[in-house]
Amino acid sequence: MTPDQKILSVISGQDVTSQSQLERLLAARGIHLTQSTLSRRLKALSIEKQQGAYRVVNQSGESLPSASIITAPPNLLILRTSAGFAAALAYVVDQQISKDLIAGTVAGEDTVMIAIASPHLFQRAVKEIKTLLKLRD
């Protein structure tokens, strides 16, 4: 995962309220950036502080939806996102969702395929992934 992908992963996985907090979270994942470099990367990635936490924003300043979800029962979910975000979303899902629920993820440029561990866990997995990624129904 590139430093930019890790930044996106951290930002999409939790509320980050300061650059120093983001620096610490990245350092824990093996990415060491100076404050000035981090500030430049945030600008390049269109990440701004909104409502007290860092978010990816579009040119009008509105928060971008992190993804849309497509269900493919009995055991597949597809996440569609903006180009370059798929690996970060897959990483967040892999790290935060129980291995009892998901068998694994495969990420492309703008799409993530999530294999649910068992068909009877499908609805629970959908709910947890929507909650994690702050997706609306």
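Heads up: the sequence shown runs through residues 1 to 137, numbered per this note's numbering. Ideal Cβ positions, reconstructed from N, Cα and C, are used throughout, including at glycine. Here the structure is a predicted model, which means the values were calculated and not measured.
Checklist entry - What do you get for residue 191, buried or exposed, if any count of 16 or more other CB atoms within 10 angstroms of its CB means buried? => result Because the chain in this structure spans residues 1 to 137, residue 191 falls outside the shown range and cannot be described.
Checklist entry - If we count Cβ pairs, one from each stretch, closer than 8 Å, do we get three or more for the segment 69 to 78 versus the segment 100 to 117? => result yes
Checklist entry - Among residues of its own chain, excluding the 5 on either side of residue 68, which ones have a beta-carbon nearer than 6 Å to its beta-carbon? => result Indexing the sequence shown from 1 puts residue 68 at position 68. Answer for residue 68: 80, listed in chain order.
Checklist entry - For residue 129, does the three-state DSSP call read helix, strand or coil? => result As a position in the sequence shown, residue 129 is number 129, starting the count at 1. Residue 129: helix per DSSP, three-state reduction.
Item to check | Completely contained alpha helix (DSSP H) runs for the segment 46 to 100, where each covers 4 or more residues | outcome: 86 to 96
Checklist entry - Can you tell me the Cα-Cα spacing of residue 139 and residue 35, whole angstroms? => result An answer regarding residue 139 cannot be provided, because it is not within the stretch 1 to 137 covered by the chain.
Item to check | Which of helix, strand or coil DSSP assigns to residue 30 | outcome: By one-based count along the sequence shown, residue 30 stands at place 30. Residue 30: coil per DSSP, three-state reduction.
Item to check | Rounded C-alpha distance that separates residue 133 from residue 4 | outcome: For the purposes of this step, residue 133 is taken as residue 133 along the sequence shown, with counting starting at 1. For the purposes of this step, residue 4 is taken as residue 4 along the sequence shown, with counting starting at 1. Those two C-alpha atoms are separated by around 18 Å.
Checklist entry - For the candidate residues 85, 56, 96, whose alpha-carbon lies nearest to that of residue 109? => result Looking up residue 109 in the sequence shown gives position 109. When only C-alpha atoms are compared, the closest one is 85.
Item to check | Three-state class that DSSP yields for residue 16 in the structure shown | outcome: The count along the sequence shown starts at 1 and reaches residue 16 at position 16. Note: residue 16 maps to coil in three-state DSSP.
Checklist entry - The alpha helix (DSSP H) with residue 103 in it runs from where to where? => result Here the question's residue 103 lines up with position 103 in the sequence shown. Unbroken run through residue 103 is the beta strand (DSSP E), 102 to 107; no alpha helix (DSSP H).
Checklist entry - At which residues does the alpha helix (DSSP H) containing residue 44 begin and terminate? => result On the sequence shown, position 44 is the one that residue 44 refers to. Looking at the DSSP string, the run of the alpha helix (DSSP H) that includes residue 44 is 35 to 44.
Next on the checklist: Going by beta-carbon coordinates alone, are residue 53 and residue 17 separated by less than 8 Å?
Outcome noted: Stepping through the sequence shown from its first residue, residue 53 is reached at position 53. Stepping through the sequence shown from its first residue, residue 17 is reached at position 17. Yes, the pair counts as a contact, with Cβ atoms nearer than the cut-off.
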